[in-house]
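To start, the structure itself, in structure tokens.
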Amino acid sequence: MLNYAASRLLQVIPVMVIVTLIVFLLMSLVPGDPVLVLAGFGPEDRQGISQEQYDALVNRLGLDQPIHVRYFQWLGNIFRGDWGISLTSQRPVLTELLSRYPATIYLAASAMLVTLFMAIPLSILAARFQNKIPDYSAMSFAVLGLSIPNFWLGLILILVFSLHLGWLPSIGYADPFDQPLEFLRHIILPAVVLGAASAAQLTRYLRSGMLEQLGEDYIRMAYAKGLPELLIMFKYAFRNSLIAAITVIGLEIGQLLGGSTIVEVLFGWPGVAKMLLDGIYSRDFPLIQGAVLVLAATYVLVNLLVDLLYRWIDPRVRFS
Numbered sequence: 001m002l003n004y005a006a007s008r009l010l011q012v013i014p015v016m017v018i019v020t021l022i023v024f025l026l027m028s029l030v031p032g033d034p035v036l037v038l039a040g041f042g043p044e045d046r047q048g049i050s051q052e053q054y055d056a057l058v059n060r061l062g063l064d065q066p067i068h069v070r071y072f073q074w075l076g077n078i079f080r081g082d083w084g085i086s087l088t089s090q091r092p093v094l095t096e097l098l099s100r101y102p103a104t105i106y107l108a109a110s111a112m113l114v115t116l117f118m119a120i121p122l123s124i125l126a127a128r129f130q131n132k133i134p135d136y137s138a139m140s141f142a143v144l145g146l147s148i149p150n151f152w153l154g155l156i157l158i159l160v161f162s163l164h165l166g167w168l169p170s171i172g173y174a175d176p177f178d179q180p181l182e183f184l185r186h187i188i189l190p191a192v193v194l195g196a197a198s199a200a201q202l203t204r205y206l207r208s209g210m211l212e213q214l215g216e217d218y219i220r221m222a223y224a225k226g227l228p229e230l231l232i233m234f235k236y237a238f239r240n241s242l243i244a245a246i247t248v249i250g251l252e253i254g255q256l257l258g259g260s261t262i263v264e265v266l267f268g269w270p271g272v273a274k275m276l277l278d279g280i281y282s283r284d285f286p287l288i289q290g291a292v293l294v295l296a297a298t299y300v301l302v303n304l305l306v307d308l309l310y311r312w313i314d315p316r317v318r319f320s
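Following the working numbering from start to finish, the sequence shown increments by one per residue and tops out at 320.
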């Protein structure tokens, strides 16, 4: 197990190097001038700045050097903890990311809890009562969850629970340690919106896995021995169906971490995805590079943890 974990960690290194290369090259090709952003002008507005000032800022940012030199300098600075300075806030990029990253983790974790709380009972009921009302209801939820866009569901929930009923705030964020109750009130709606589609996807996979397991001989033997149905459903059928679904869960976690931009913008959630979108609008290239790198690293590490979970869920799984 330790050897496999070490080998997978070593495989992460070239993946992240490729990610840094792609991010850096894309930032070098996109339209907009970071020099003008640093000078306080629009990314394509050369009026109001002299050529001498422009050249000085180019030298300050190191843009007068070849692209491969700039890439290796930036990569070396990343390993030293120097992620650059945000062009808009004039604060270190790493400081900006560390201030926003917890909010993204809180939202993704809460959305994953919503996903599991919705998908697990629905899939078990659907498999237990196949082709009956619980099954049809669960599959209808899965179809709706995959069909409804996040922004539309978010607007409906804001309209009902914030504007009409006044139960929950429609926008904002509260510190979970200083104001835990306010934090819970603020995170309910975005977590439900973000977790609904994932719950629908996971329900379908878990239901299919449960139905496959319920048709196995060992399940029939368990029923023949008179084991309690709850024990059969949860300990045997459900646990073994997780082996196929764990990959989907890992992909959903990565999607929750990196695909929450619309939800963060809609609910004013100060996460990394919203910061990335703001950086794109303002052509804040160092901030964009740092945000994409953090999200990519998180996604890669989540998939690594998912691979390691196979051994914990099913000891029969062996790694080459």
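All C-beta atoms, glycine included, are put in the ideal place defined by N, C-alpha and C.
Treat the numbers as computed from the prediction; the structure is a model and nothing was measured.
Given residue i as reference, the closest of the options once Cα atoms are compared
i: isoleucine 262; options: Glu96, Gln201, Leu107 and Asp175; result: Leu107
i: leucine 97; options: Asn150, Ile133 and Leu295; result: Leu295
i: glycine 271; options: Ser282, Phe285, Arg283 and Leu256; result: Leu256
i: alanine 111; options: Pro180, Tyr101 and Ile187; result: Ile187
i: alanine 138; options: Leu194, Gln73, Arg204 and Ile148; result: Arg204
i: serine 99; options: Val300, Leu308 and Trp269; result: Trp269
i: valine 143; options: Ala109, Leu163 and Ala197; result: Ala197
i: asparagine 150; options: Arg185, Leu266 and Val17; result: Leu266
i: serine 28; options: Ile280, Phe117, Ile67 and Met16; result: Ile67
i: isoleucine 243; options: Pro228, Leu231 and Gln213; result: Gln213
i: glutamine 90; options: Ile18, Leu287 and Asn303; result: Leu287
i: leucine 301; options: Gly250, Asp278 and Lys132; result: Gly250
i: serine 208; options: Met16, Leu125, Gly226 and Arg80; result: Leu125
Buried or exposed (CB count within 10 angstroms, at least 16 for buried), residue i
i: tyrosine 223; result: exposed
i: glutamine 201; result: buried
i: valine 114; result: buried
i: serine 147; result: exposed
i: glutamate 252; result: buried
i: leucine 87; result: buried
i: leucine 189; result: buried
i: leucine 293; result: buried
i: aspartate 284; result: buried
i: glutamine 289; result: buried
i: glutamate 229; result: exposed
i: serine 7; result: exposed
i: serine 241; result: buried
i: methionine 233; result: buried
i: valine 248; result: buried
i: glutamate 52; result: exposed
i: glycine 215; result: exposed
i: aspartate 135; result: buried
i: glycine 321; result: Residue numbering for the chain in the displayed model covers 1 to 320; residue 321 lies beyond these limits and cannot be assessed.
i: glycine 172; result: exposed
C-beta atoms of residue i and residue j nearer than 8 Å
i: alanine 119; j: alanine 237; result: no
i: leucine 206; j: serine 123; result: yes
i: phenylalanine 161; j: leucine 155; result: no
i: leucine 276; j: alanine 297; result: no
i: tyrosine 299; j: glycine 254; result: yes
i: valine 93; j: isoleucine 105; result: no
i: leucine 21; j: tyrosine 71; result: yes
i: alanine 273; j: serine 282; result: no
i: valine 192; j: leucine 157; result: yes
i: leucine 181; j: serine 170; result: no
i: leucine 194; j: valine 12; result: no
One or two residues paired with residue i in a DSSP bridge
i: isoleucine 85; result: Pro92
Sequence-distant residues of its chain with Cβ nearer than 7 Å to residue i (five each side left out)
i: phenylalanine 183; result: Ala174, Asp175 and Pro176
i: leucine 211; result: Ala127 and Gln130
i: tryptophan 74; result: Phe24
i: isoleucine 280; result: Ile288
Same chain only: Cβ atoms within 8 Å of residue i, ignoring 5 sequence neighbours per side
i: isoleucine 246; result: Val306, Leu309, Tyr310 and Ile313
i: asparagine 77; result: Trp83 and Gly84
Close beta carbons around residue i, own chain, < 6 Å, minus the five adjacent residues each side
i: alanine 56; result: none
i: leucine 2; result: none
i: valine 19; result: Ala296
Residue i beta carbon near the ligand ATP (any heavy atom closer than 7 Å)
i: proline 134; result: This structure simply doesn't include the ligand ATP, nor any ligand for that matter.
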